[in-house]
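J.: The structure follows.
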Amino acid sequence: MNNSSIVPGSTICILGAGQLGKMSLTAAHQLGYHTMVWSPQGDIPAMEMATHRIVAPFNDRGALEEVIKRADVVTTEWENIPVELLKNLESRDKLVRPSSHVLKIAQSRWMEKSFVSSFGIATTPTIFIKKGDVVTRFADIIDEFMPGILKTDRLGYDGKGQCPVNTIKEVQTALDAYGCDCVLEKCADLICEISVIVARNQTGIHVSPAVVNRHKDGILASSLWSPELIQLDIEELAQNWAAKTAKKVELQGILAVEFFVTSEGLLFNEMAPRPHNSFHASIEASYTSQFEQHVRSVCGLPLGDMRFHTPFEMRNLLGSVSEENLMECLMESQPRLHLYGKKEARPGRKMGHITHLLSR
Ligand code: ADP
Ligand code: MG
Numbered sequence: 282m283n284n285s286s287i288v289p290g291s292t293i294c295i296l297g298a299g300q301l302g303k304m305s306l307t308a309a310h311q312l313g314y315h316t317m318v319w320s321p322q323g324d325i326p327a328m329e330m331a332t333h334r335i336v337a338p339f340n341d342r343g344a345l346e347e348v349i350k351r352a353d354v355v356t357t358e359w360e361n362i363p364v365e366l367l368k369n370l371e372s373r374d375k376l377v378r379p380s381s382h383v384l385k386i387a388q389s390r391w392m393e394k395s396f397v398s399s400f401g402i403a404t405t406p407t408i409f410i411k412k413g414d415v416v417t418r419f420a421d422i423i424d425e426f427m428p429g430i431l432k433t434d435r436l437g438y439d440g441k442g443q444c445p446v447n448t449i450k451e452v453q454t455a456l457d458a459y460g461c462d463c464v465l466e467k468c469a470d471l472i473c474e475i476s477v478i479v480a481r482n483q484t485g486i487h488v489s490p491a492v493v494n495r496h497k498d499g500i501l502a503s504s505l506w507s508p509e510l511i512q513l514d515i516e517e518l519a520q521n522w523a524a525k526t527a528k529k530v531e532l533q534g535i536l537a538v539e540f541f542v543t544s545e546g547l548l549f550n551e552m553a554p555r556p557h558n559s560f561h562a563s564i565e566a567s568y569t570s571q572f573e574q575h576v577r578s579v580c581g582l583p584l585g586d587m588r589f590h591t592p593f594e595m596r597n598l599l600g601s602v603s604e605e606n607l608m609e610c611l612m613e614s615q616p617r618l619h620l621y622g623k624k625e626a627r628p629g630r631k632m633g634h635i636t637h638l639l640s641r
């Protein structure tokens with residue numbers, strides 16, 4: 282194997298400890314790796330799965346030294362890990378995959394859209410608005426983005442940190458309320474959202490088929506796939522764009538890319554260098570799951586085949602799930618139930634998901 286291969290028996294460290302980490306750890310253990318997790322919070326899904334656990338803030342020097350000593354490769358399950366930490370690890374010759382450079386771009390809606398536009402990928406029309414700006418000063422420009430959505434440039438997820446806007450006054454009110462740098466996006470004439478996972482390492486590149494995503498109140502409610510659900514030329518374009526992005530950013534690892542299918546064609550929405558909620562059904566429905574692909578890609582192993590062998594609908598379990606619902610689901614033989622083991626349910630919080638495999 283190539284020098285940069287991290288062979289089974291080595292230790293993978295995941296930064297962040299949510300459900301994505303938990304499912305990547307399961308795949309890592311299956312492939313014979315030791316694991317460690319570092320997260321500021323101890324009481325979250327991936328912690329109990331890891332061979333070795335560090336509960337400490339991401340600027341903790343002792344924790345950093347421990348990772349440097351024990352881990353053969355460091356990866357992330359959350360794109361908002363401090364870039365400084367990743368750079369520190371890199372400066373100490375630790376393999377960080379994906380790299381600090383990839384995370385830096387993916388942490389900002391403005392940077393990721395500017396980056397992909399620079400090599401010809403179409404995005405939702407977007408402008409950057411600085412914290413505290415007086416937007417009436419560029420009223421004419423803003424008018425062209427109405428009706429729009431004002432989004433915080435960083436740290437938005439599950440529809441949080443975004444707000445529909447129809448007038449300049451509404452833009453100003455939302456900007457002031459967020460109190461941080463924002464982007465203003467024109468509302469796309471959405472037919473649907475699709476996503477793909479691209480994996481890349483020194484052995485090659487592989488792009489998954491595209492899945493269709495349905496949202497409710499800004500949160501992913503379900504993802505589905507069946508043959509010919511998505512027009513072939515649209516899927517191919519999404520795959521080409523994802524592959525191009527992965528090469529340009531010199532990805533080592535996986536990258537989830539979301540696109541809007543609109544009446545005017547395909548538009549890049551956002552990317553995340555980690556497994557993605559829309560591909561949870563790949564555990565049951567793909568030859569290689571996104572979690573195994575995550576492990577293979579960051580360890581420099583040959584990439585798996587993420588094509589789907591069975592059509593599916595994956596549904597998120599959001600907020601509190603009643604015992605009655607769980608029992609109902611468990612009594613049906615076919616749906617695959619995944620519960621993340623989160624201690625506390627909050628409205629809209631992802632507590633688990635159900636994969637329904639469908640017949641062709
Ligand atoms: P998040 O980080 O919460 O996933 P997104 O930017 O992906 O943020 O937005 C969540 C959802 O809101 C999208 O999947 C889409 O359904 C809708 N949305 C976001 N931006 C736009 C837009 N510019 N035009 C139309 N719909 C949008
Ligand atoms: Mg999104």
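When we follow my numbering, the leftmost residue of the sequence shown carries the number 282, and every step to the right adds one. Built from N, CA and C at the ideal position, the CB exists for glycine as well. Model, not experiment: these values are computed from the prediction.
#1: Is residue 557 close to the ligand ADP? I mean its beta-carbon at under 6 Å from any heavy atom of the ligand.
#2: Please classify residue 464 as buried or exposed, where buried requires at least 16 neighbouring CB atoms within 10 angstroms.
#3: Pull the bridge partners of residue 481 from the DSSP assignment, please.
#4: Taking the alpha carbon of residue 442 as the point to measure from, which residue in 353, 390 and 474 has its own alpha carbon closest?
#5: Rounded to whole angstroms, what's the CA-CA distance from residue 525 to residue 516? Just pull it up for me.
#6: Between which two residues does the alpha helix (DSSP H) containing residue 610 stretch?
#7: Do residue 475 and residue 537 have their CB atoms nearer than 7 Å?
#8: In the DSSP assignment, what are the bridge partners of residue 293?
#9: Taking 6 Å as the line, does the beta carbon of residue 365 fall inside it for any heavy atom of the ligand MG?
#10: If contact is defined by three or more beta carbon pairs under 8 Å, each pair taking one atom from either stretch, is the stretch 547-567 in contact with the stretch 482-492?
#11: Confirm the yes/no value for this check: CB of residue 444, any heavy atom of the ligand ADP, distance under 6 Å.
#12: With a threshold of 16 other CB atoms inside 10 Å of the CB of residue 431, please say whether the residue is buried or exposed.
#13: May I ask you to list the residues that DSSP assigns as paired with residue 443?
#14: Answer yes or no: the CB of residue 551 versus the heavy atoms of the ligand MG, is any distance below 6 Å?
#15: Which residues does DSSP list as the beta-bridge partners of residue 596?
#16: Distance check for residue 308 and residue 567, CA to CA, integer angstroms please.
T.: In brief:
#1: By one-based count along the sequence shown, residue 557 stands at place 276. No.
#2: Counting from one through the sequence shown, the residue named residue 464 turns up at place 183. Its Cβ being crowded by 16 or more others within 10 Å, residue 464 is buried.
#3: Within the sequence shown, the letter at position 200 stands for residue 481. Residue pairing by DSSP puts residue 481 in a beta bridge opposite 486 and 534.
#4: If you number the sequence shown from 1, residue 442 lands on position 161. With distances taken between CA atoms, residue 442 lies nearest to 390 out of 353, 390 and 474.
#5: For the purposes of this step, residue 525 is identified with residue 244 of the sequence shown, where counting begins at 1. For the purposes of this step, residue 516 is identified with residue 235 of the sequence shown, where counting begins at 1. Answer to the nearest angstrom: the Cα atoms are 14 Å apart.
#6: Here residue 610 refers to the residue found at position 329 of the sequence shown. Residues 604-612.
#7: By one-based count along the sequence shown, residue 475 stands at place 194. By one-based count along the sequence shown, residue 537 stands at place 256. No, the Cβ-Cβ distance between residue 475 and residue 537 is not below 7 Å.
#8: On the sequence shown, residue 293 is found 12 positions in, with the first residue counted as 1. Answer by DSSP bridge pairing, in chain order: 316 and 354.
#9: The sequence position of residue 365 within the sequence shown is 84, counting from 1. False, no ligand heavy atom lies under 6 Å from that Cβ.
#10: Yes, they touch.
#11: Working through the sequence shown from its first residue, we reach residue 444 at position 163. No, since every heavy atom of the ligand ADP falls outside the 6 Å radius drawn around the Cβ of residue 444.
#12: Locating residue 431 in the sequence shown gives position 150, counting from the first residue. In the assembly as shown, residue 431 is a buried residue. Its beta-carbon has 16 or more other beta-carbons within 10 Å.
#13: For this step, residue 443 is matched to residue 162 along the sequence shown. For residue 443, which the question treats as bridged, DSSP gives the partners 432.
#14: The count along the sequence shown starts at 1 and reaches residue 551 at position 270. In this structure, the ligand MG has a non-hydrogen atom nearer than 6 Å to the beta-carbon of residue 551.
#15: The residue given as residue 596 occupies position 315 in the sequence shown. According to DSSP, residue pairing for residue 596 in a beta bridge involves 503 and 635.
#16: Reading the sequence shown from its first residue, position 286 is the one you call residue 567. Reading the sequence shown from its first residue, position 27 is the one you call residue 308. Taking the straight line joining both Cα atoms gives about 14 Å.
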